[in-house]
Amino acid sequence: MSKRIRSRKPTHPGRIVKMDVLEPLNLSVTEAAKVLNVSRKHLSAFVNERIPCSKDMAKRLAIALGTSVDVWLGMQNALDIWEMENSNDESYLAAGKLATG
Numbered sequence: 002m003s004k005r006i007r008s009r010k011p012t013h014p015g016r017i018v019k020m021d022v023l024e025p026l027n028l029s030v031t032e033a034a035k036v037l038n039v040s041r042k043h044l045s046a047f048v049n050e051r052i053p054c055s056k057d058m059a060k061r062l063a064i065a066l067g068t069s070v071d072v073w074l075g076m077q078n079a080l081d082i083w084e085m086e087n088s089n090d091e092s093y094l095a096a097g098k099l100a101t102g
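In this note's numbering, the protein residues as written are 2 to 102.
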């Protein structure tokens, strides 16, 4: 199994929201959370990269920002793949192959 390693870690979608939306618009996490109809605690965890972009958050961001759900889930997927491929945890290598036929 070959490992495809990207040199740069993809940006967390929460960081994009923080740097490209909240800061330029001078919006607080509390204000943005009200617009998105999520808790301040949840949005804070997201923009500070402590939790991933869920399907629910992707939908809320797509509506609020006029983007698509695919944009947000695609960013999260790229990050998840990079983290998996660059992880030192190789316990998954013990998995056997499923028979096809």
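Beta carbons are placed, not taken as given, at the ideal position from N, Cα and C, and that holds for glycine.
Supposed close pair A79, V70 - CB separation, criterion 8 Å: Here residue 79 refers to the residue found at position 78 of the sequence shown. Here residue 70 refers to the residue found at position 69 of the sequence shown. Actually they are not in contact, since the Cβ atoms of A79 and V70 sit about 15 Å apart, beyond 8 Å.
Counted within 10 angstroms of its Cβ, other Cβ atoms place V18 as buried (16 or more) or exposed: As a working note, residue 18 is residue 17 in the sequence shown. Answer is buried; the Cβ neighbour count reaches 16.
Separation of I52 from A46, as counted between CA atoms: Locating residue 46 in the sequence shown gives position 45, counting from the first residue. Locating residue 52 in the sequence shown gives position 51, counting from the first residue. Rounded to the nearest angstrom, the two C-alpha atoms are 6 Å apart.
Residues near L62 by beta carbon distance below 6 Å, same chain, minus five either side: Taking the sequence shown and counting its residues from 1, the one referred to as residue 62 is at position 61. Once the five neighbours on either side are set aside, the close Cβ partners of L62 are W73.
Closest residue to H13 among V39, A33, E84 and E32 (Cα-Cα distance): In the sequence shown, the residue the question calls residue 13 occupies position 12. Selected option, being the one with the closest Cα: E84.
Pairwise C-alpha distance: N49 and E24: As a working note, residue 24 is residue 23 in the sequence shown. As a working note, residue 49 is residue 48 in the sequence shown. Each residue's alpha carbon lies about 13 Å from the other.
Cα-Cα separation between N38 and L28, rounded to whole angstroms: Taking the sequence shown and counting its residues from 1, the one referred to as residue 38 is at position 37. Taking the sequence shown and counting its residues from 1, the one referred to as residue 28 is at position 27. In a straight line, the C-alpha of N38 is about 15 Å away from that of L28.
Alpha helix (DSSP H) runs contained entirely in the stretch 10 to 74, provided each spans 4 or more residues: 14 to 18, 30 to 37, 41 to 48 and 56 to 66
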